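Notes follow once the structure below has been shown.
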Amino acid sequence: MIRSVIKGIGSYLPQKILSNAELSERVETSDEWIRERTGIGQRHIAAEGECTSDLGLAAAQAALNDAGMSADDIDLIVVATTTPDYTFPSTATIIQHKLGIKHGAAFDLQAVCSGFIYGVNVVDALLKSGTAKNALLIGAETFSRILDWEDRTTCVLFGDGAGAVVVSAQEGSDDGILSTFIRSNGEHRELLYVDGGPSKTQTVGHVRMIGNQVFKHAVKDIAGAMQDCAEKAGIPISDIDWFVPHQANQRILNGVAKRLKLDPKQVISTVEYHANTSAASVPLAMDVAVKDGRIKRGDLVMLEAFGGGFTWGAALFKF
Numbered sequence: 117m118i119r120s121v122i123k124g125i126g127s128y129l130p131q132k133i134l135s136n137a138e139l140s141e142r143v144e145t146s147d148e149w150i151r152e153r154t155g156i157g158q159r160h161i162a163a164e165g166e167c168t169s170d171l172g173l174a175a176a177q178a179a180l181n182d183a184g185m186s187a188d189d190i191d192l193i194v195v196a197t198t199t200p201d202y203t204f205p206s207t208a209t210i211i212q213h214k215l216g217i218k219h220g221a222a223f224d225l226q227a228v229c230s231g232f233i234y235g236v237n238v239v240d241a242l243l244k245s246g247t248a249k250n251a252l253l254i255g256a257e258t259f260s261r262i263l264d265w266e267d268r269t270t271c272v273l274f275g276d277g278a279g280a281v282v283v284s285a286q287e288g289s290d291d292g293i294l295s296t297f298i299r300s301n302g303e304h305r306e307l308l309y310v311d312g313g314p315s316k317t318q319t320v321g322h323v324r325m326i327g328n329q330v331f332k333h334a335v336k337d338i339a340g341a342m343q344d345c346a347e348k349a350g351i352p353i354s355d356i357d358w359f360v361p362h363q364a365n366q367r368i369l370n371g372v373a374k375r376l377k378l379d380p381k382q383v384i385s386t387v388e389y390h391a392n393t394s395a396a397s398v399p400l401a402m403d404v405a406v407k408d409g410r411i412k413r414g415d416l417v418m419l420e421a422f423g424g425g426f427t428w429g430a431a432l433f434k435f
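Here the sequence shown stands for residues 117 to 435, where the numbers follow the working numbering.
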């Protein structure tokens with residue numbers, strides 16, 4: 117049996133930090149208002165001229181270093197992003213070039229905040245099929261570029277960042293990806309979307325959201341995906357060591373934990389420091405927990421996310 121094993125992990129955050137206090141000088145809000153409703157205290161903002169590919173490249177290099185591997189070992193790059201450098205070519209091919217790789221394949225994947233979870237599913241399938249041996253899966257976003265900085269309902273929520281993992285096909289291993297579960301439903305597009313695009317408006321557009329409605333769907337769908345993913349692997353939720361959710365809102369994290377009766381200490385939360393970095397948030401949060409020693413080799417870890425579309429999903433693996 118071939119297993120897709122996570123060999124290394126890395127992340128990158130832009131140097132510029134935008135605090136709630138600084139943000140309150142731009143729009144009518146306050147640190148207290150933002151923290152009470154979201155749990156967010158600050159977010160990182162990409163510098164002028166710093167693109168999604170730059171963030172993704174830095175995270176990829178950190179993951180390669182952690183895995184003890186070189187770019188030459190990689191024959192597949194998948195980048196989950198909603199904020200690519202260009203309409204085309206893909207951000208993945210740009211990162212491929214910056215890494216000096218001239219072999220293998222590279223492409224982008226778009227499932228908004230669920231992008232990294234969808235990426236785990238896709239990479240796992242490609243590795244098991246023999247299409248590639250060593251993959252870089254990257255979640256990278258410069259979400260600040262599509263925010264309306266006069267809309268306090270959205271601009272307080274998001275930030276920029278990138279996270280990456282090196283995943284390798286390995287025979288006879290007990291470690292690796294055990295199960296994945298992804299779903300989507302386009303019925304509620306108007307609850308969370310960007311009001312622009314090349315075909316429809318010939319503009320980039322800005323994020324629009326009806327937050328209270330998104331919250332209701334997110335808690336229910338994420339909890340359901342986690343249960344289905346665990347059942348698919350034949351592993352009870354109670355046996356899982358760590359849960360790494362998409363870092364959208366602390367209230368959503370709390371709501372899912374309560375619904376599934378999880379110990380809050382098992383739920384990794386970085387939303388206070390990173391805000392919502394869309395497809396980058398899950399690998400960013402996981403990297404923090406690996407680096408600080410909470411997530412250790414041999415632990416059972418579940419990743420989960422919910423995003424615009426709607427899209428949602430979960431992935432369970434033995435680290």
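Ideal Cβ positions, reconstructed from N, Cα and C, are used throughout, including at glycine. Keep in mind the model is a prediction, meaning the values are calculated, not measured.
Which partner residues of Asn392 appear in the DSSP bridge assignment?
Phe274
Express the C-alpha separation of Gly235 and Gly312 in angstroms, rounding to a whole number.
24 Å
Within 10 angstroms of the Cβ of Ser245, are there 16 or more other Cβ atoms? Answer buried if so, exposed if not.
exposed
Applying the criterion that 16 or more other CB atoms from any shown protein chain within 10 Å of the CB defines a buried residue, is Gly302 buried or exposed?
exposed
Spell out the partners DSSP gives Asp422 in its beta bridges.
Checking the sequence, you will find Phe at residue 422 rather than Asp. Paired residue(s): Trp428.
What residue ranges within the stretch 203–252 form continuous alpha helix (DSSP H) runs of no fewer than 4 residues, ordered along the chain?
207–214, 231–245
If you reduce the DSSP assignment to three classes, tell me which class Lys123 lands in.
strand
Can you give me the Cβ contacts of Ala349 inside the same chain, cut-off strictly under 7 Å, excluding the 5 residues immediately before and after it?
Leu294, Ser295, Leu432
Please go through the same chain and pick out, in chain order, the residues whose beta-carbon is closer than 7 Å to the beta-carbon of Ile262, but skip the five residues on each side of it.
Thr199, Val310, Val320, Gly321, His322, Val323
By the 10 Å Cβ neighbour count, where 16 or more other Cβ atoms means buried, how is Ser284 classified, buried or exposed?
buried
Please look up how many angstroms separate the CB atoms of Lys123 and Val282, rounded, as I've assumed it's under 8 Å.
5 Å
Using C-beta distances below 7 Å, list every residue in its chain close to Tyr389, excluding the 5 sequence neighbours before and after it, in chain order.
Gly157, Gln158
Assigned exposure category for His362 - 16 Cβ within 10 Å defines buried:
buried
Which residues DSSP lists as bridging Ile448, in chain order:
No statement about residue 448 is possible, as the shown extent of the chain runs from 117 to 435 and does not include it.
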